[in-house]
Structure formats: structure tokens, C-alpha cells
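Asks:
What follows is the structure, encoded as C-alpha cells:
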């Protein structure tokens with residue numbers, strides 16, 4: 095009944111009602127989001143100011159200068175730039191996978207087994223949302239310094255023979271930094287997904303003879319897959335745009351992510367169009383990811399409806 | 038086990054450990070270990086805000102000097118730090134007040150819109166979520182310099198940028214609740230003689246209240262933590278926010294006053310959340326909802 | 079397109095031909111702007127423009143507040159307070175961390191700062207871009223009286239039409255004797271020390287493409303970093319790329335004055351002022367005597383290195399130009415300059431501050447005596463200049479390649 099009502103619309107409802115609700119938000123986004131994106135293109139295909147040497151945007155698409163963009167694409171596919179992109183991809187994928195490995199059990203525990211501690215745990219897990227990201231990272235810079243607590247503890251337990259230089263261009267430090275920074279953002283959607291699973295379904299499986307492991311892999315995991323996908327997308331997107339984690343945790347070009355190159359170029363006067371071009375490439379890539387996500391959500395919804 | 042042993046925490050711990058049918062031990066340890074790993078560095082950072090000396094890594098005794106005692110460099114007396122705190126709070130407050138109504142309206146509109154513009158509008162709403170902040174920061178800066186010159190760099194520009202970035206999150210939060218609520222109640226109200234507007238105002242919005250509260254909180258949190266977009270849209274130092282100060286100072290020689298500053302922010306946020314949660318709890322009690330507000334927030338099923 | 083942009087594009091078209099005019103004519107011109115770059119061999123007068131007049135003489139100072147736009151941590155707030163007391167006005171200090179950000183903001187024309195601190199290299203384009211207003215030297219008696227002659231009438235701004243000097247500095251190498259055993263000052267080319275595998279994990283360079291591509295060039299014995307003659311850029315780039323894996327190089331901006339004394343680095347690219355400051359950042363229990371500095375042009379092999387100065391200027395959109403002029407004059411006062419130096423550690427080119435007494439007066443530690451700068455040093459090192467936009471792009475490309483870390 096509800097489905098019919100949705101399609102038909104409530105009797106007496108005017109056709110402009112709901113669009114007019116959406117209008118302010120849409121107008122805002124067009125003015126303050128779409129227009130700036132156009133500016134990126136205008137910069138990427140822009141010209142150079144003869145006095146200051148920086149990039150000036152060119153508004154008319156017919157006068158766009160594609161030289162810089164072409165160079166960037168060239169560098170991407172044949173030059174070193176592709177390496178940075180690949181490195182970023184590897185960092186993000188590994189960090190996401192690790193976050194999943196860490197976050198899933200935690201979310202599972204809180205959703206299914208936490209009992210009386212549930213609310214407390216949720217509060218503790220949500221807490222990092224309100225603690226400044228940079229402060230959390232700076233705390234780690236402190237702990238990971240050569241004479242910091244991490245080295246001291248590892249030395250004490252004999253894991254290390256000598257203090258390790260965590261902050262000198264180490265890939266693992268950057269990846270762990272990303273994990274630390276973003277895993278709370280993964281746990282919540284996972285929790286939401288796991289919590290939605292009706293416990294009786296699992297009980298039924300157990301009653302029918304499935305072992306706990308089987309019940310998990312064949313019931314729980316598939317049912318939570320949408321949440322897993324959502325959570326991964328939620329953290330992968332900002333990770334691609336992250337440049338400060340690597341800067342704080344390692345000063346070396348060995349660990350530079352693509353956004354650091356964007357930032358460096360944008361902040362140098364002559365690099366405006368290169369930076370903007372790199373940005374477009376990044377957006378396209380991230381957009382592909384998002385499209386895949388939206389497609390799978392749409393498909394899942396369609397399956398659920400039928 | 039004797040009942041006396043069971044009453045003490047240690048006794049219960051031992052009982053739990055030796056019970057093969059109880060909760061899975063590995064998961065419990067893992068979850069609590071995660072919480073410790075997640076929060077201990079923060080606790081350490083907060084702790085050093087109370088350090089007596091200048092060091093951020095060697096404990097030199099407890100003191101409140103970085104909060105208000107030190108006449109030059111404490112948060113209270115160093116104008117740049119104090120201004121950063123005020124600016125962060127001001128910006129976050131304004132952002133939440135502007136982004137939430139816009140986002141709620143957008144969510145309602147998108148959810149119910151049947152026409153041809155609905156899908157592109159939906160896509161438009163999702164787009165900012167996909168866009169890395171550095172892109173937005175640079176783009177917005179250029180827009181305010183080259184196109185919308187009447188907007189001042191500083192609080193005005195920062196506010197516009199923050200709201201733009203936050204609207205989509207509000208929509209996502211409210212949307213979940215919208216789908217849960219459905220349209221039956223409004224339809225019932227209309228059948229009983231209410232006008233469309235009355236149905237929205239007196240039925241739908243109150244039912245969305247928990248989501249609206251959550252949106253306020255989320256908008257606040259996003260704004261207060263934001264650094265990339267804010268940095269690009271800062272005019273002069275009076276519009277520098279705490280994250281901007283933290284990052285620039287992190288590349289110089291930070292003092293424990295920064296720890297104190299970030300801690301103040303943390304305490305303020307915790308207070309804000311506490312208030313919001315208790316309001317949520319009260320409104321949910323009126324509805325007769327079960328369970329805890331925190332859980333519902335975590336499920337985004339407000 | 080805004081009117082400002084239209085004007086700039088027209089001016090740009092006019093300037094396209096005469097970008098690096100080596101000689102200034104000194105005559106005023108109208109809105110066609112030219113970037114006029116001077117060298118010590120070929121000093122220039124910055125052009126004056128009709129639409130950018132200087133203020134009249136004999137005016138009363140405004141009520142304030144005076145707005146100063148400066149690098150972070152580059153001026154002593156006590157000195158500002160003293161100015162407030164002496165002139166009965168308020169001073170608002172706004173700071174920036176990188177020059178691009180500052181330039182961008184100034185070019186928008188929407189900020190109303192009065193005083194700015196340009197580096198010597200950017201003065202030509204700031205003048206051409208009409209961001210600075212010409213100075214009325216009637217308000218600046220301290221200029222001729224107190225300042226080193228060669229900077230009171232500098233090669234980049236003959237007649238001090240737009241700027242007065244603020245500080246002078248060298249770019250060299252700072253290191254700790256307890257972490258680096260080699261005596262870097264005794265090397266033929268001290269820059270080579272960064273390529274020494276023994277310094278693995280403790281070496282740092284500035285995160286600034288202009289300076290650090292320069293270092294890559296210095297290593298190959300190139301001393302001219304104001305140009306990129308064929309092969310120079312490639313050599314520098316290859317040198318720097320080598321560093322990534324060879325010594326785990328890191329790029330920072332605070333490495334010299336903060337991280338070197340903390341022991342995070344053993345050897346770092348350093349401005350002279352940073353090293354003068356470094357002892358104060360030594361943690362408790364550390365010994366400042368281990369810090370050393372060398373300016374490679376003074377080393378045995380006469381390697382590359384540069385010497386430069388920062389200036390003070392009054393911005394075109396200043397709302398308190400008279401007050402700003404008085405502030406500039408105030409900063410050139412002997413006592414004020416010395417007091418400022420005592421805090422910001424960058425040497426002012428003031429006659430009263432004799433280089434030979436800086437160490438004996440205790441203003442600079444003895445182990446860091448090599449940070450002292452004398453007028454003759456300007457003959458030994460090179461002064462950096464603005465690159466043309468095309469050169470800039472090539473340099474940035476080389477830097478990007480280094481930053482890709484592959």
C-alpha cells in the first residue's frame with residue numbers, strides 16, 4: 095500500500111512542493127560547488143600572468159590551453175607521476191584493508207556481544223569524531239619519535255634491538271597513520287550494518303547445524319556486505335585527498351601521495367595549472383570509485399525490492 | 038565460584054575468562070584493545086597540555102600554566118590562540134545553523150521528488166562527498182577572488198565553504214530517518230483534514246527531530262575539525278581556526294599551549310555532544326522509543 | 079572579466095617583450111608595467127607609475143591601527159609594543175607562513191595591510207604589479223643615517239624608491255658535531271655532505287623548490303642559481319633524486335632552528351638567522367656548543383651559496399601610509415633594530431651593529447660565529463633573483479620530479 099502511495103503521490107499534493115524543498119540546497123550547491131569546479135578547469139587550461147608568473151583562469155572554453163593538461167596526462171602514463179598515483183592507491187587500499195581487519199571485529203563485538211557495555215563502547219568509538227584529526231596525528235608524532243614511548247616499549251619487550259626511525263620516510267608509518275586516522279569512520283557504518291542483521295536469522299542457521307564459523311561466513315558476512323562497501327568508500331575518498339598525514343609522519347618524498355603534489359603545485363605560483371590538472375585527474379579517478387559504489391547500491395536496492 | 042569472588046571485578050573477570058560458553062574472549066580483548074589504542078595517544082596529548090615545562094614529550098609536573106597562568110603564551114593570554122578558539126567555535130556554530138536547515142530541506146525534497154530533476158539533483162548532492170577537500174579549498178578560494186569578489190576572505194568565505202561541504206552530510210543523516218519514518222503519518226494527518234504544510238510542520242519535522250539534532254552535531258564536528266578548506270579561505274590571522282594553527286605550528290616548534298588549546302576544543306565538543314544526546318534522549322522518551330540514543334545515532338537510524 | 083584583470087592582461091602584453099630589462103630608466107610611465115630586475119653588476123631603479131603616487135611630505139600620521147603583514151615569528155612583539163607606546167597607536171600584526179599565500183592575498187586587493195616584508199627577489203614583480211607604493215623618503219631620515227651604504231641604496235631598488243632593508247641572511251648548512259663527525263666547514267664543497275651515506279636518516283633540506291634545486295646545483299659545482307643553463311636543472315634534479323634513497327632525505331621548514339637542536343636532524347639546510355636562534359630551542363640538558371654553521375662560499379673551494387636581504391615596504395592599498403612610513407623609519411633606528419635582532423636572530427644591516435663585536439658582545443655564540451654577515455659577503459655569494467615564468471615552470475617541474483620520490 096505504501097509503495098502505491100509513493101508512486102502516486104499523496105492526493106492534493108502539488109507537483110512543485112518537493113522540488114521547492116530541494117531548491118535552496120540545490121541552488122547553493124550550484125553556486126558554491128559547481129562553479130568552483132568550473133574554476134578548476136579554467137585554471138587547468140589557463141594562461142600565465144606575465145608579471146607574477148602565476149596561472150590565470152581562462153573562462154571561455156574555446157580559448158582553453160590544453161598544453162599543461164596534456165603534459166600531466168603524459169607524465170601520468172609514461173612518466174614518474176604514475177608512480178605517485180600508484181603509491182597513493184596502494185596506501186589507500188592497504189590502509190582500508192587494515193582498517194577493515196581492525197574495524198570489523200570491533201563493530202561485530204559491539205553489535206552482537208557487548209551487552210551492558212554497548213553504549214559505553216559506542217561513545218568511546220565515536221569520541222575520535224570530535225577530537226581534532228591533527229591533534230591525534232601529532233600525538234603519534236610524539237610517540238613515534240626516536241626516544242618516544244613506542245620505541246621504549248618495543249625495546250623493553252625485546253621486539254626491537256635498536257630504536258627505529260619511524261618518522262623518516264617509512265611507508266608503514268604513513269599507512270598506519272591513515273589507518274589510525276580513518277578507522278573510526280569505518281566502524282560506525284559497519285556497526286550499523288551488523289546491527290541491522292536480525293539475530294534470529296543467525297539462530298536459525300545455527301539450529302540447522304551450522305558451526306559458528308559457517309554462520310559467520312555464509313550469513314553474517316554477506317548480509318553486512320553493503321555496510322562494508324559503504325564504510326570502505328567513506329574512508330577511501332578522504333584518504334585520496336590526504337596530504338597532511340604523510341607530511342606530519344614522514345618528511346620524505348618517498349611517501350608523497352598525489353594530494354601532496356597537488357598542494358605543492360597549487361602553492362607555487364607557476365604550478366597553478368599543473369595542480370589544477372592533477373586535481374582533475376584525481377577527481378576522475380575518485381569519481382569512478384564512487385560511480386561503482388552508487389551502481390552497486392542501486393543494484394542491491396533493486397534486488398531488495400523485487 | 039563463591040559469591041564473594043563474583044562480586045569483585047577481578048572475580049568476575051576470572052569467572053568470565055574461565056567460562057567456555059561465555060562471550061568470545063578474543064573479540065572482547067580485541068575491542069577493548071582497539072579502544073585503548075584509539076584513545077591513549079589522545080589522552081597523552083591532553084595530558085601534556087597540563088605539563089609544567091615546555092616539553093611535549095617529557096613530563097615535568099602538573100600545571101595549568103598553558104591554560105591561563107602563563108602571561109604570554111597560555112591560551113587565555115596569547116591572543117592568537119584565544120582568537121583561534123573563538124573563531125573555531127563561531128564558525129562551527131554558524132555552519133551548523135545554516136547547513137542543517139538547508140540540508141534537511143534538501144533531504145526531504147530529494148526523497149520525495151518524483152520529477153526529472155530528481156536524479157541530477159541527487160547526484161549533485163553526492164558530488165561534494167566525492168571531492169577531496171584540497172580541490173574544494175583551492176576552487177573556493179579562486180571563486181572568491183576572481184568571481185564573487187564581494188565576499189571577504191575570512192569568516193564570510195570560510196562559512197560559505199564550510200556550509201557547502203557540510204550540506205551533503207546532513208542530507209545523508211536525515212535521509213536515513215526519512216526512509217524509516219515513511220509517509221503514513223503525514224498521509225493520515227492529511228486524511229484527517231490537515232493541509233500539506235501543517236502535515237509537514239506538525240508531523241514530519243517533529244518525527245525527524247533526532248536526525249536534525251544529529252545533523253547539528255555532525256555539522257558542528259565537521260566544521261570544527263576542518264583544516265584544508267579553512268586554510269585556503271583564511272583572510273588574516275584573526276580568522277585562523279584551531280586546526281590551521283595546529284598544522285602551521287606543528288611544522289614549527291609547538292608548545293604545550295597547543296595541546297591545551299586542542300583539549301579545550303575537545304572538552305567543548307564533549308559538552309556539546311552531552312547536551313545534544315540528553316536532548317535526544319528526552320525527545321525519544323516522549324516518543325516511547327526503546328534503547329539508547331547513542332545506539333540509534335550510531336546506526337544512523339535516528 | 080574584472081577590470082583589474084583586464085588591466086593586468088594589457089600590461090602583461092606590453093611587458094611580454096621586456097621581461098628582464100637589465101637597466102631601469104627611472105622615468106615614470108603610465109599603466110604599462112614592466113618587471114625590472116637588477117643585479118649588483120647592473121643595478122636598477124624601479125619604475126614609478128602615474129597611477130601609483132607617493133604620499134605628500136609633512137603629513138600628520140593617522141590614528142591607526144597600523145596593520146603589519148609579516149612572516150610568522152619574524153618581528154619582536156615588544157618592538158611593536160614600544161612603537162604603540164611611542165606613537166600612541168595600535169599595531170596589528172598578521173603573519174603568513176608562505177609567500178605564495180601572501181602574494182595571492184595581496185593581489186586580491188581585498189586586504190588592507192599597511193606594511194609588508196618582501197624578499198629582495200619579489201620586489202620587481204610587486205612593483206610591476208603595483209602592490210607597493212613609492213616611499214617618500216622625507217619620512218625616512220634613518221635610512222641614510224643608520225643603514226649599510228650598499229643597502230641604503232640597493233642594487234634592486236636604486237634610490238630606495240619602494241623599500242628599505244630589514245634583515246640580511248645567508249643560506250648555508252647547519253650541523254651538530256655530536257651527530258656528524260666530518261668537519262663540514264673544512265670541506266671543499268660543503269654541500270657534498272648531504273650526499274654522504276654516513277648522514278643517513280639525519281639529513282634535511284628546506285621544503286622550498288627555489289632554495290633546494292639550488293642546493294642540487296651547488297653540489298655539481300654550479301654557483302649561478304639565477305638561471306638554468308642547459309643541463310643545470312637536470313643535474314640538480316638527478317642529484318636530489320639520488321638523495322631520497324641515499325640518505326633518506328627529509329624536507330622541512332623548521333628543521334634548522336627547531337629540529338636540529340632537538341636532535342631529529344644532524345645536518346640541515348639553514349638560513350643564518352635560524353642557526354642563531356637554534357641554541358634557544360635546545361631541550362633541557364642539551365649542549366648548544368655542538369651546533370655549527372658554514373656558509374659555503376667562504377669555504378675552501380668557494381662553493382655556491384647565497385646572501386640576500388628582506389625589506390620593509392608600504393602597500394599600495396595602505397589606509398595609514400604616513401604611519402607606515404614612520405614605522406619603517408622606526409625599524410631603522412639603531413636601538414630598535416638591535417632589540418629586534420635580539421629576538422628574531424636575523425641580522426639587520428645597521429651600521430651601529432658591528433659584525434666584529436657581535437660575538438664578543440654575546441649576541442651570537444662563538445661556535446656560530448660564521449653566521450655573522452658583513453657587507454663584503456655580498457661580493458662572495460650570489461644574490462637570488464626572480465626567475466622568469468618560463469624558468470619558474472621548469473624549476474617547478476624538476477622539483478615535482480624530485481618530490482615524486484621514485
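Residue numbers (this note's numbering), protein chains in the order written: chain A, 95 to 400; chain B, 38 to 339; chain C, 79 to 484. No residue lacks a Cβ here, since even glycine has one placed at the ideal position from N, Cα and C. Keep in mind it's a predicted model, so treat the numbers as computed, not measured.
#1: Examine chain C for any beta-carbon lying closer than 8 Å to the beta-carbon of residue 260 (chain B), and answer yes or no.
#2: Looking at C-alpha atoms only, which residue of B:208, B:175, B:201 and B:280 is the closest neighbour of residue 179 (chain C)?
#3: With residue 345 (chain C) as the anchor, note down where its beta strand (DSSP E) starts and where it stops.
#4: Is there a Cβ of chain C sitting closer than 8 Å to that of residue 146 (chain A), yes or no?
#5: Measure the C-alpha to C-alpha separation of residue 105 (chain B) and residue 283 (chain B) and round it to an integer number of angstroms.
#6: Run down chain C in chain order and give the residues with a C-beta less than 8 Å from the C-beta of residue 285 (chain B).
#7: For residue 291 (chain C) and residue 472 (chain C), I'd like the C-alpha separation in whole angstroms.
#8: Do the stretch 361-369 of chain C and the stretch 114-134 of chain C make contact, defined as three or more Cβ pairs closer than 8 Å?
#9: For residue 275 (chain B) and residue 397 (chain C), what's the separation of their Cα atoms in angstroms?
#10: Apart from the five residues on each side of it in sequence, which residues of its chain come closer than 6 Å, Cβ to Cβ, to residue 424 (chain C)?
#11: Pull up the distance between the alpha-carbon of residue 207 (chain C) and that of residue 200 (chain C), whole angstroms please.
#12: If we call anything under 8 Å between Cβ atoms a contact, is residue 177 (chain B) one with residue 123 (chain A)?
#13: Taking Cβ-Cβ distances shorter than 9 Å, what residues in chain C pair up with residue 168 (chain A)?
#14: Any residues in the stretch 187-217 of chain B with a beta carbon nearer than 7 Å to a beta carbon of chain A? Which ones, in chain order?
#15: Quick one: list the residues of chain A neighbouring residue 474 (chain C), beta-carbon separation under 8 Å, in chain order.
#16: Does any CB atom of chain C fall closer than 8 Å to the CB of residue 182 (chain B)?
#17: Please go through the same chain and pick out, in chain order, the residues whose beta-carbon is closer than 7 Å to the beta-carbon of residue 103 (chain A), but skip the five residues on each side of it.
#18: Let me check understanding here. Comparing Cα to Cα, which of C:481, C:141, C:114 and C:470 lies closest to residue 303 (chain C)?
#19: Determine, using beta carbons only, whether residue 322 (chain C) comes closer than 8 Å to chain A.
#20: Alpha carbon to alpha carbon, how far is residue 137 (chain C) from residue 400 (chain C)?
#21: Restricting to runs no shorter than 4 residues, where is the alpha helix (DSSP H) found entirely within the stretch 194-235 of chain C?
#22: Closer than 8 Å, CB to CB, is residue 224 (chain A) near chain B or not?
#23: Is the separation between the beta-carbon of residue 137 (chain A) and that of residue 324 (chain A) shorter than 8 Å?
#24: Can you give the beta carbon distance from residue 338 (chain C) to residue 445 (chain C), rounded, assuming they're within the 8 Å contact cut?
#25: If you drop the 5 nearest sequence neighbours on each side, which residues of the same chain put their C-beta closer than 8 Å to that of residue 269 (chain C)?
#26: Does the contact criterion of 3 or more C-beta pairs under 8 Å hold for the stretch 288-307 of chain B versus the stretch 133-149 of chain B?
#27: Which residue's Cα is closest to the Cα of residue 64 (chain B): A:118, A:154, A:128 and A:208?
#28: Using the beta-carbon count (16 or more within 10 Å), is residue 156 (chain C) buried or exposed?
#29: If you compare alpha carbons, which of B:100, B:82, B:244 and B:255 is closest to residue 216 (chain B)?
#30: Any C-beta of chain A sitting closer than 8 Å to the C-beta of residue 482 (chain C)?
#31: Checking 8 Å against the spacing of the C-beta atoms, do residue 351 (chain A) and residue 338 (chain A) come in under that value?
#32: How would you call residue 164 (chain A), buried or exposed, if buried means at least 16 neighbouring beta carbons within 10 angstroms?
#33: List the residues of chain B whose Cβ lies closer than 9 Å to the Cβ of residue 432 (chain C), in chain order.
#34: In whole angstroms, give me the CA-to-CA distance for residue 83 (chain B) and residue 107 (chain B).
#35: Write down every uninterrupted run of the beta strand (DSSP E) in the stretch 229-272 of chain C whose length is 3 residues or greater and which is fully enclosed by it, in chain order.
#36: Only counting the same chain, and skipping five residues up and downstream in sequence, which positions put a Cβ closer than 7 Å to that of residue 167 (chain C)?
Replies: Taking the coordinates as given:
#1: no
#2: B:175
#3: 345-349
#4: yes
#5: 19 Å
#6: 150 and 175
#7: 11 Å
#8: no
#9: 18 Å
#10: 245, 247 and 351
#11: 10 Å
#12: no
#13: None at all; the shortest Cβ gap to chain C is about 12 Å.
#14: 197, 201 and 204
#15: 359, 362, 364, 365 and 368
#16: yes
#17: Model confidence at residue 103 (chain A) stands at a pLDDT of 49, short of 50, so the residue's coordinates are unreliable; what they give is reported in the following sentence. Nothing listed; no residue qualifies.
#18: C:470
#19: yes
#20: 7 Å
#21: 201-206, 219-224 and 227-230
#22: yes
#23: no
#24: Going by Cβ atoms, the distance from residue 338 (chain C) to residue 445 (chain C) rounds to 13 Å, so no, they are not a contact pair.
#25: 251, 293, 296, 297, 374, 381 and 382
#26: no
#27: A:208
#28: exposed
#29: B:244
#30: yes
#31: no
#32: exposed
#33: Under the 9 Å cutoff, chain B gives no residues; its nearest Cβ is about 30 Å from residue 432 (chain C).
#34: 18 Å
#35: 241-254
#36: 141, 142, 143, 144 and 401
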